[in-house]
Amino acid sequence: MRSRGLLLFLLLAVLAAAGLTLLYRGNSLFGPGPEATRKVIAIFKTVNYSANPFWGNVRDGVASAAKDFNIEISVRGPDLESDIKGQIAMIRRAMEEKPDAIVLAAADYNLLVPLAREIKQRGIPLVCIDSFINSDDADVRIGTDSYEGGQKCGVALMRWVKPGDTVAVMSYVKESSTAIDRESGARDYLKGRVHLLDTLYNNSDARLAYEQAAILIGRTPQLRGIIALNDPTARGAAQALSESGKAGTIALIGFDNSFPVLKYVERGVIRDTVVQKPFNMGYLGIEMARQLINGTRPPRFINTGSIDIRRQNMFRT
Numbered sequence: 062m063r064s065r066g067l068l069l070f071l072l073l074a075v076l077a078a079a080g081l082t083l084l085y086r087g088n089s090l091f092g093p094g095p096e097a098t099r100k101v102i103a104i105f106k107t108v109n110y111s112a113n114p115f116w117g118n119v120r121d122g123v124a125s126a127a128k129d130f131n132i133e134i135s136v137r138g139p140d141l142e143s144d145i146k147g148q149i150a151m152i153r154r155a156m157e158e159k160p161d162a163i164v165l166a167a168a169d170y171n172l173l174v175p176l177a178r179e180i181k182q183r184g185i186p187l188v189c190i191d192s193f194i195n196s197d198d199a200d201v202r203i204g205t206d207s208y209e210g211g212q213k214c215g216v217a218l219m220r221w222v223k224p225g226d227t228v229a230v231m232s233y234v235k236e237s238s239t240a241i242d243r244e245s246g247a248r249d250y251l252k253g254r255v256h257l258l259d260t261l262y263n264n265s266d267a268r269l270a271y272e273q274a275a276i277l278i279g280r281t282p283q284l285r286g287i288i289a290l291n292d293p294t295a296r297g298a299a300q301a302l303s304e305s306g307k308a309g310t311i312a313l314i315g316f317d318n319s320f321p322v323l324k325y326v327e328r329g330v331i332r333d334t335v336v337q338k339p340f341n342m343g344y345l346g347i348e349m350a351r352q353l354i355n356g357t358r359p360p361r362f363i364n365t366g367s368i369d370i371r372r373q374n375m376f377r378t
């Protein structure tokens, strides 16, 4: 019965994402009018969807918008989120192809700034989704307010731990804008409330997150809480916590909502997880690219939002 409920929850989450996307579509509910096919290149932080299902959901949003708006799409990305050099090479090749627009999830907040500037100099519209760059060169930014998401993790953790307890933050790719903002949000909220250990980084590798969490749990008997700031990190930490037998005394807060993460929430290993709307990010990324191609100026930032889910409310959210 619980498994059926979980599958229903996932279905409702997809439908909710599609419904929220329609709010942005205005009068185009019945599909776009006739127009020439345009080419958009979408470059993700990774296209290894099994390692991080979040990006598979972003891809689904991109594909849906491409069909609705008659856009020719090429989706690219490295196998590893930490392969910043690989993503930079892909961006350079994309510019040479002279697409009508580029949709980018930036793997590094600072290193991609010169490339974004070059894209702008070439007159190619640039939409950043999920992860941003340290400049105003993107025409539009679409994604979660990651600082707010990190704060939500802190709020959630404080429901389960006491003031002064020892807690850890586990993050992923250190120079990614989302990682920077989520960590800042969580640490700013928790500062002065608990004893914070140094942040652990795993390059978005679930296996490394598992190994780090296992060592952390084994060597820190006073540990009472962990915040894991993305899906692979949450999965790795949850596996280690489950195997340690300490899920009852260490509160784990996750991020994102892949099926394995939600199963850990259902079991109570992950107490809360902050859920984003990746389908919306992908869909709106293509829709805003289309608007820019057609000469319309969309909002500079679209916050796709996030919600906190735990076992007590996951089937009602």
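Count along the sequence shown from 1, then add 61; that gives the number in this note's numbering. Think of the CB as a built atom: it goes at the ideal place given N, C-alpha and C, for glycine as much as any other residue.
Length of the line joining the Cα atoms of residue i and residue j
i: V108; j: G138; result: 5 Å
i: I134; j: F340; result: 16 Å
i: Y85; j: I132; result: In this predicted model, Y85 has a pLDDT of only 37, less than 50, meaning its place in the structure is not dependable; the value taken from the coordinates is given anyway. Distance between the alpha carbons of Y85 and I132 is about 18 Å.
i: P224; j: I185; result: 51 Å
i: K324; j: A270; result: 18 Å
i: I6; j: G204; result: Only positions 62 to 378 of the chain appear in this structure, which leaves residue 6 out of reach.
i: G346; j: L277; result: 38 Å
i: L165; j: N118; result: 15 Å
i: D259; j: G329; result: 25 Å
i: R268; j: R358; result: 43 Å
i: T365; j: G343; result: 11 Å
i: T281; j: I311; result: 11 Å
i: C189; j: E158; result: 19 Å
i: K252; j: A127; result: 44 Å
Spatially closest choice to residue i from the options, by CA coordinates
i: N171; options: V234, V228 and R120; result: V234
i: L353; options: R202, K324 and A275; result: R202
i: F320; options: G306, P293, G343 and I311; result: P293
i: E142; options: V164, E244, A124 and D169; result: D169
i: S237; options: E272, D259, D191 and G279; result: D191
i: R99; options: A299, P160, I149 and I145; result: P160
i: V322; options: S207, G297 and Q373; result: G297
i: S232; options: I278, V326, R248 and E158; result: R248
i: I149; options: F130, A167 and P359; result: A167
i: N291; options: L257, I331 and D259; result: I331
i: E209; options: Q337, R361 and N374; result: Q337
i: N195; options: S207, N355, A177 and G122; result: A177
i: R243; options: R351, I314, R154 and R220; result: I314
Residue i: first and last residue of the uninterrupted alpha helix (DSSP H) it sits in
i: A124; result: P114 to F130
i: K159; result: No alpha helix (DSSP H) contains K159, which DSSP labels as neither H nor E.
i: I34; result: For residue 34 there is no data in the structure shown, the boundaries of the chain being 62 and 378.
i: L176; result: V174 to Q182
i: D292; result: D292 to S305
i: V326; result: F320 to R328
i: K213; result: S207 to M219
i: R268; result: A267 to R280
Enclosing beta strand (DSSP E) for residue i [first to last residue]
i: I287; result: L284 to A289
i: F340; result: First-last for F340: P339 to I354, but that is the alpha helix (DSSP H), not the beta strand (DSSP E).
i: S232; result: T227 to S232
i: G315; result: A312 to F316
i: I203; result: V201 to G204
Short CB-CB distance (under 8 Å) between residue i and chain C
i: L284; result: The structure shown contains no chain C, having only a single protein chain.
(request) Answer yes if the segment 291-306 comes into contact with the segment 210-226, meaning at least three C-beta pairs across the two stretches below 8 Å, and no otherwise. (result) At 8 Å Cβ cutoff, the stretches do not touch.
(request) Would you be able to state if there are at least three C-beta pairs under 8 Å between the segment 206-221 and the segment 248-262? (result) Contact between the segment 248-262 and the segment 206-221 is established, with three or more Cβ pairs separated by less than 8 Å.
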